[in-house]
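Participant: Sharing a structure with you now.
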Amino acid sequence: MSMTEFRGPGLSESQWHQIKTLATTLDNRQLQWLSGFFAGIEFKAGDWGTHTPLVPTQQDAASSRRITILYGSETGNSSALAASLAERARAEGFSPQLFDMADYKLRGLKEEQDLLLIASTYGEGDPPQPAANFFEFVESRKAPRLPGLRFAVLALGDSTYERYCEAGKRLDRRFEELGAIRLQPRVDCDVDYDEPAAAWMTNVLSHMAKPASTIAGSPAVAEPRTSTGFDKRNPFAARILDNLVLSGRGSSKQTHHVEISLEGSGLAYEPGDCLGLMPSNDPAVVEAMIGELGFDGAATVTVKDTPFAIQEALARHVEITALTPRFIEHWAGITGAEALRRLGDPASVEDRSAFMRGHHILDVVRRFPAKGLDPQMLIAGLRPLQPRLYSIASSLSAAPDEAHLTVSTVRYELAGEPRSGVASGHLADRGQPDQQLPVYIHANPHFRLPADDVPIIMVGAGTGVAPYRAFMQEREARASSGRSWLVFGERNFRTDFLYQSEWLAMLSGGVLTRMDVAFSRDGHERIYVQHRLKEQARDIFAWLEEGASFYVCGDASRMAPDVHQALRSIIATQGGLGADAADDYLQRLQREHRYRRDVY
């Protein structure tokens, strides 16, 4: 309804002239709102002038604003927080819209009113891969001016990286540049994000006017939030069924196949999902820390308001290996060590990064001693121990009530001493059959199988082959008709051909249509999966043109970027496309969820 089509009953010609004059000063969004307001008034019967105010209250106007929640997630943390925020908003009477940045229609951005953004940072300051198109658009010249938009950003990151929470910082800067109004300052969260994220949600919702229903004597009743099963905060005490070494004798690395029972948990997963597990720290490192500081292992400390013996806290509840800027600053304050203070200087980024690569927390405690320290002072500088995520290498169709993992044991030397990864070391050295392991399912919706008749190309190096084992088990159980092509890479054919007999059986049975392998250490030249892709460029492009989905799983620092560039080159050469057109082709694959990555 336009302003010329409506004239409220009871208005004089002069009053109506004033309203029409006012309308000429309003922009399209304000006119749309006012038109809707008058339409609502027209709908009400009788006594228009007596019972309904001509101008809505400030509270009612604010409550009519549309709230949209966008999240950019690589591992699912931002997704879970966004869902929690939406739930809290609904409990307070709002009606938010919730979108993954990967699925958000970018042309709708200029129509938004209140926008709440939750974004994790991937690697050295990059946005999550599924959110790449959203970031590219927002940071481009195509992005619209947003003077009527209110926004707030929750940034997730890991402080062991120098460009901590950079993806969220980029959004915060860019929306300000586009003229949007910040509802509240950005909050940056480390890996222990639960408390600051919850506080951000509370604050941002308080900055929004409560809907009219919560003000006019009929408050919205929030439904009780109850746990429906096991999750990150309440993991299931699973039992290890088997723990086998997959790699052969003489291999330069050790890879385990671990089978875990989920019986009695009610936990279910889909191929592509991850298993979150809560490891314990190496007992030798715990004992070394206690001995170095002269602690009594039974001394009581508090972690997140819960009391523990210091030995238990160091073993199961706090991170005691990877060094963080937070601990460097904390220990500098305790010891007064000038060398540590200098590392905290913003100008010392490179020196700090090098120091963190060359030292664990125990090394700092040894090098800068603090005798007579209260155990709680140590705990105050440590992050909570975080679960580790592993791609599930099985399908429930093939292994009911079980989850299988493919885990490469991380071992290296630092400061002249052998070290191992927290979770991989736990599984390799202490993960014996029948031992308990706290676990939960971590959904990975960006890494799902397509329809049964859609062809798939799966590229994986090392343990990156794990989810493809689940894919093939699922496709075999469902008698899928779609073709499947696996491109697998490792170091040596003789010792590192993970699940070799299973792949050969799948090829023989027709479940797996095709397989190409690259063993980088077997020849004079280093051959990797990206080289195999280029060798089969014509067929790769033909499969893509026929609708195939392309998957990449494995190392994020080198393999995934190399595969991306190889795929870009294949599309350009085989499709006869220029660089920009090839990039557009790749972006279309991503938009259609036909280019999926699970990298770490």
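Whatever position you read off the sequence shown (first residue = 1), add 2 for this note's numbering.
Don't be surprised by glycine CBs; every beta carbon is placed ideally from N, CA and C.
With DSSP as the reference, label Leu588 as helix, strand or coil.
Facilitator: Of the three classes helix, strand and coil, the one that applies to Leu588 here is helix, per DSSP.
Participant: Near Ser397, what residues of its chain come up, given a Cβ to Cβ distance below 6 Å and the 5 sequence neighbours on each side ignored?
Facilitator: Pro273, Ala472, Gln475 and Glu476.
Participant: Which residues does DSSP list as the beta-bridge partners of Met517?
Facilitator: In DSSP, Met517 forms a bridge with Leu488.
Participant: Apart from the five residues on each side of it in sequence, which residues of its chain come closer than 7 Å, Cβ to Cβ, to Tyr602?
Facilitator: Ala558.
Participant: If I measure Cβ to Cβ from Ser81 and keep anything under 6 Å in the same chain, skipping five residues before and after, which residues do I get?
Facilitator: Here the set comprises Tyr73 and Ser75.
Participant: Report yes if the CB atom of Gly250 is closer than 8 Å to the CB atom of Thr497, and no otherwise.
Facilitator: It is a contact, given that the beta carbons lie within the stated cut-off.
Participant: Ala584: buried (16+ other C-beta within 10 angstroms of its C-beta) or exposed?
Facilitator: Label assigned to Ala584: buried.
Participant: What does the Cβ neighbour count give for Leu546, buried or exposed, with the cut at 16 atoms within 10 Å?
Facilitator: So Leu546 counts as buried.
Participant: For Ser483, does the count of other Cβ atoms within 10 angstroms reach 16, so buried, or fall short, so exposed?
Facilitator: Looking at its Cβ environment, which holds fewer than 16 other Cβ atoms inside 10 Å, Ser483 is exposed.
Participant: Since I believe Ser410 is in contact with Lys306 (beta carbons under 8 Å), could you give me their beta-carbon distance rounded to a whole number of angstroms?
Facilitator: With a Cβ gap of about 31 Å, Lys306 and Ser410 do not count as contacting.
Participant: Can you tell me the Cα-Cα spacing of Gly374 and Leu295, whole angstroms?
Facilitator: Looking at the two C-alpha atoms, the distance is approximately 7 Å.
Participant: What does DSSP give as the partner residues of Ser422 in its beta bridges?
Facilitator: According to DSSP, Ser422 bridges with Arg413.
Participant: Quick check: what's the CA-CA separation for Ile330 versus Leu156?
Facilitator: In a straight line, the C-alpha of Ile330 is about 25 Å away from that of Leu156.
Participant: Using 8 Å for Cβ pairs, my map puts Ala315 next to Ile363. What's the rounded Cβ distance?
Facilitator: Contact doesn't hold; Cβ gap of about 14 Å is too wide.
Participant: List the whole-angstrom C-beta distance separating Leu243 from Ile443, where the pair is believed to meet the contact cut-off of C-beta under 8 Å.
Facilitator: Not a contact, Cβ separation roughly 17 Å.
Participant: Whole angstroms is fine: what's the gap from Gly580's alpha carbon to Ala445's?
Facilitator: Answer to the nearest angstrom: the Cα atoms are 37 Å apart.
Participant: Compute the beta-carbon to beta-carbon distance between Arg598 and Ser551, rounded to the nearest angstrom, for a pair I have assumed lies under 8 Å.
Facilitator: With a Cβ gap of about 7 Å, Arg598 and Ser551 count as contacting.
Participant: Less than 8 Å between the CB atoms is what I'm expecting for Ala286 and Pro440, so what's the real figure, rounded?
Facilitator: Contact flag wrong, Cβ pair sits at about 21 Å.
Participant: Suppose contacts are defined by Cβ-Cβ distances below 8 Å. Is Asp1 in contact with Arg413 by that definition?
Facilitator: Coverage of the chain is limited to positions 3 through 602, which leaves residue 1 absent and any answer about it impossible.
Participant: Let me make sure I understand the geometry here. Which of Leu535, Trp333, Pro389 and Ala430 has the alpha-carbon closest to that of Arg318?
Facilitator: Of Leu535, Trp333, Pro389 and Ala430, the residue nearest in Cα terms is Pro389.
Participant: Just to confirm before moving on: does the CB-CB distance between Phe137 and Leu108 stay below 8 Å?
Facilitator: No, these two residues do not count as a Cβ contact at 8 Å.
Participant: Less than 8 Å between the beta carbons of Asp518 and Asn494, yes or no?
Facilitator: No, Cβ-Cβ distance for Asp518 and Asn494 is not below 8 Å.
Participant: Counting C-beta neighbours from all protein chains within 10 Å, is the total for Gln437 16 or more, i.e. buried, or is it exposed?
Facilitator: Exposed, since its Cβ has fewer than 16 Cβ neighbours within 10 Å.
Participant: Put Glu314 into one of helix, strand or coil per three-state DSSP.
Facilitator: Helix, per DSSP.
Participant: Entirely within the stretch 422-463 and at least 4 residues each: give me those alpha helix (DSSP H) ranges in chain order.
Facilitator: Runs found: 424-432.
Participant: Can you grab the Cα-Cα spacing for the pair Ala349 / Arg343, in whole Å?
Facilitator: Roughly 12 Å separates the two Cα atoms.
Participant: Start and end of the alpha helix (DSSP H) containing His497?
Facilitator: This sequence places Thr at residue 497; His is not what is there. From DSSP, the alpha helix (DSSP H) with Thr497 extends over Phe495 to Asp498.
Participant: Is Arg599 near the ligand ADP, judged by its Cβ being under 7 Å from some heavy atom?
Facilitator: The ligand ADP is absent from the structure shown, which contains no ligand whatsoever.
Participant: Applying the 10 Å Cβ sphere with the 16-neighbour rule, what's the burial state of Asp353?
Facilitator: Asp353 should be labelled exposed.
Participant: Answer yes or no: do Ala425 and Pro281 have a C-beta to C-beta separation smaller than 8 Å?
Facilitator: Cβ atoms of Ala425 and Pro281: closer than 8 Å.
Participant: If you follow the beta strand (DSSP E) that Ala240 is part of, which residue opens it and which one closes it?
Facilitator: Note, Ala240: beta strand (DSSP E), Phe238 to Val247.
Participant: Alpha carbons only, please: which of Glu178, Gly127 and Ala201 is nearest the one belonging to Ser86?
Facilitator: Comparing Cα-Cα distances from Ser86 to each of Glu178, Gly127 and Ala201, the minimum goes to Ala201.
Participant: Looking at Arg147: is its Cβ nearer than 8 Å to the Cβ of Gly181?
Facilitator: Yes, they are a contact pair.
Participant: At 4 residues or longer, and completely inside the stretch 56-127: list those alpha helix (DSSP H) runs for me, N to C.
Facilitator: Taking only runs of at least 4 residues, the alpha helix (DSSP H) segments lying wholly in the stretch 56-127 are 60-65 and 79-93.
Participant: Distance, Cα to Cα, Arg596 vs Gln589?
Facilitator: Going from the Cα of Arg596 to the Cα of Gln589 covers about 10 Å.
Participant: Compute the Euclidean distance between the alpha carbons of Asn245 and His258, then round it to the nearest angstrom.
Facilitator: Their backbone Cα atoms lie some 7 Å apart in a straight line.
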